[in-house]
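Trainee: Protein chains in written order, with our numbering: chain A, 1112 to 1248; chain B, 1112 to 1248; chain C, 1112 to 1248; chain D, 1112 to 1248. Could you have a look at this structure, given as structure tokens, before my questions?
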């Protein structure tokens, strides 16, 4: 089961080559991850600001197939590729809404982290349950 | 006496109209302000992270005359237009390096603020001395 | 009649002082302006990419009253403060959704511009009709 | 032989967790790549704007070891890991200036592309010569 986040390329997200700047894709995936964590009470905001638990990236791979331009809309499908004790690997598949073209696939390994001590933590139970639910098979 | 900060337009700072995105100018002015505060021991970093004093914007005006494109370099001249008990008005004049064209003038009223309580503060002595030094007449 | 755009402060939109970075407000206003232009067939995307008409900023004023933090949501009310032959002044009033606090008011003077020649244009009829409709009194 | 680009973390490049936002690292690497291409006459600007040759990313891997905070400076060492007919793999090793800590390693596969047709091109001779010169062994 995956969660889909719909995201239009913004006016200021293109570069001097006229296509969506490659680093922007990671902003979008983070937004998709935040939407994903809406499945936990209080969401990502509460994790960060009250529970002081973050999910910094430790590893990432990205493959791009199709450039996006201003006016394009990406559908970002988020699923869980792997689950460890303290880490979760999110996989984002981006397609272009207008024609379904495969835009990019990104894998993002994050580690549950105590933001005050910056040390890793076992995945909190509610996060783990949510992640399990969206595990790709 | 003004302080000049030289800033090239970055590859990803243009928009879908092909010119530097208007909001970016404020990022550049903030960078110019940070360079300006290099005149205080520890600079802006120390103010923010150790002394916990920030300078949030309370008012801003901007006038644009000439668009910038990728490859253009702006020279940003920072001076102090006004000085109050807790506030300082910075004036940034941006010119295009290639031909000296007037790009924009931005005035930025900031208030010295205790970042823990978010209440205003008298300008710290070292900051006031620096600001006085660069007061435009 | 105004148009309201709802915008949450993003995880990466805060600065080292822990509040939404002042330049980000202009990104949000531009997003609100793009939503506003949804009232024209093809919207802002079509204006920029097909009709080659843009609305660069020539003047801007901003007043901030209340800082925003991660987790806050801004409601951005867009109305038209003034209308000229080639220019339109948009006024954005931002309030914090949680308590209705007045966050900021921004006025943004834009000029209809031929993006190929970078010369000003009379406001296109459909844009003018839309702008008139949302004129504040 | 590698090229080093020195980059301070900016005030607005941290996120609500208080560390440099992961997507920002790719902005920095792109800046490092642009500095790298200063070794070609006219640099990256000329490639993009006059020669209409770009280097979009097709694949990327990143590993993070140490978070960066506001005030930290990264030294980004750029070298060429692989060279094909149309593609070049750049490797960026980021260290923290204050203590030499390994911050991140990023590999970035780019393909020489005609920006008007968006089709791939053999690496131009001057680019290839520069890339060969900085090939890691």
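The beta carbon of each residue, even a glycine, is placed where N, CA and C say it ideally should be. Quick caveat, the model's predicted, so the values are computed rather than measured.
#1: With a cut-off of 8 Å, does the C-beta of residue 1125 of chain B fall near any C-beta of chain A?
#2: Find out if the Cβ-Cβ distance for the pair residue 1185 of chain D, residue 1214 of chain D is shorter than 8 Å.
#3: With three or more beta-carbon pairs closer than 8 Å as the criterion, would you say the region 1143-1158 of chain A touches the region 1171-1181 of chain A?
#4: Measure how close the beta-carbons of residue 1127 of chain A and residue 1160 of chain D come, nearest whole angstrom, since I'm counting them as under 8 Å.
#5: Output needed for residue 1124 of chain A: all residues of its chain with C-beta closer than 6 Å, excluding positions within five of it in sequence on either side, in chain order.
#6: I'd like to know if residue 1164 of chain C contacts chain A, where contact means its C-beta is closer than 8 Å to some C-beta of that chain.
#7: By how many angstroms is the C-alpha of residue 1234 of chain C removed from the C-alpha of residue 1244 of chain C?
#8: In three-state DSSP terms, what is residue 1218 of chain B?
#9: Counting only runs of 3+ residues fully inside the region 1129-1186 of chain C, write out the beta strand (DSSP E) ranges in chain order.
#10: Quick check on DSSP: helix, strand or coil for residue 1240 of chain A?
#11: For residue 1120 of chain A, which beta-bridge partners are listed by DSSP?
#12: By Cβ distance below 6 Å, which residues in the same chain neighbour residue 1150 of chain C in space, the five residues on each side in sequence not counted?
#13: Check whether chain A comes within 8 Å of residue 1136 of chain C, counting only Cβ atoms and requiring the distance to be less than that.
#14: Taking only beta-carbon positions, decide if residue 1122 of chain A is within less than 8 Å of chain B.
#15: Residues of chain D with CB under 9 Å from residue 1141 of chain B, in chain order?
#16: Counting only beta-carbon separations shorter than 8 Å, does residue 1203 of chain A have a partner in chain B?
#17: Report yes or no: is there a C-beta of chain B within less than 8 Å of the C-beta of residue 1185 of chain C?
#18: I'd like to know if residue 1129 of chain B contacts chain C, where contact means its C-beta is closer than 8 Å to some C-beta of that chain.
#19: Residue 1250 of chain D touches chain A at which residues, Cβ-Cβ below 8 Å?
#20: Secondary structure at residue 1213 of chain C, three-state DSSP: helix, strand or coil?
#21: So, at 8 Å on beta carbons, what are the nonlocal neighbours of residue 1212 of chain C in its own chain, with the 5 sequence-adjacent residues on each side left out?
#22: First and last residue of the beta strand (DSSP E) that includes residue 1201 of chain B?
#23: Straight-line CA distance for residue 1248 of chain B to residue 1192 of chain B?
#24: Can you confirm whether residue 1235 of chain C, when its beta carbon is compared against all beta carbons of chain B, has any partner nearer than 8 Å?
#25: Give the residues of chain D in contact with residue 1156 of chain B, contact being defined as C-beta atoms less than 7 Å apart.
#26: Can you round the beta-carbon distance between residue 1198 of chain A and residue 1221 of chain A to whole angstroms, since I take them to be within the 8 Å contact cut?
#27: Within the same chain, show all residues whose beta-carbon is closer than 6 Å to that of residue 1246 of chain B, passing over the 5 residues directly before and after it, in chain order.
#28: Mind pulling the chain D residues with CB within less than 8 Å of residue 1226 of chain A?
#29: State yes or no: is the C-beta of residue 1216 of chain B within less than 8 Å of the C-beta of residue 1204 of chain B?
#30: Output yes or no for whether 8 Å exceeds the beta carbon distance between residue 1179 of chain C and residue 1120 of chain C.
#31: To the nearest angstrom, how far is it from the Cα of residue 1113 of chain A to the Cα of residue 1148 of chain C?
#32: So is residue 1178 of chain A in contact with chain D if we call contact Cβ pairs under 8 Å?
#33: Spell out whether any CB of chain D is found under 8 Å from the CB atom of residue 1229 of chain A.
#34: Within the same chain, show all residues whose beta-carbon is closer than 6 Å to that of residue 1202 of chain D, passing over the 5 residues directly before and after it, in chain order.
#35: For residue 1230 of chain D, count neighbouring Cβ atoms within 10 angstroms of its own Cβ and tell me buried if that reaches 16, exposed if not.
#36: Could you check whether residue 1225 of chain A and residue 1164 of chain A sit closer than 8 Å to each other, using their CB atoms as the reference points?
Mentor: Based on what the coordinates show:
#1: yes
#2: yes
#3: no
#4: The Cβ separation is near 7 Å, so the contact holds.
#5: 1131, 1135
#6: no
#7: One Cα belongs to residue 1244 of chain C, the other to residue 1234 of chain C, and the distance between them is close to 14 Å.
#8: strand
#9: Taking only runs of at least 3 residues, the beta strand (DSSP E) segments lying wholly in the region 1129-1186 of chain C are 1168-1175.
#10: helix
#11: According to DSSP, residue 1120 of chain A bridges with nothing at all.
#12: 1241
#13: Using beta-carbon distances, residue 1136 of chain C does not count as an interface residue toward chain A, since no partner is under 8 Å.
#14: yes
#15: 1121, 1122, 1123
#16: no
#17: no
#18: yes
#19: Past the boundaries of the shown model lies residue 1250 of chain D; chain D is included only from 1112 to 1248, so the question cannot be answered.
#20: strand
#21: 1176, 1177, 1206
#22: 1198-1207
#23: Distance between the alpha carbons of residue 1248 of chain B and residue 1192 of chain B: 8 Å.
#24: no
#25: Within chain D, the residues near residue 1156 of chain B are 1181, 1182.
#26: 7 Å
#27: Hits under 6 Å: 1191.
#28: 1128, 1129
#29: yes
#30: yes
#31: 33 Å
#32: At least one C-beta of chain D is nearer than 8 Å to the C-beta of residue 1178 of chain A.
#33: yes
#34: Hits under 6 Å: 1190, 1192, 1218.
#35: exposed
#36: Taking 8 Å as the Cβ cut-off, residue 1164 of chain A and residue 1225 of chain A qualify as a contacting pair.
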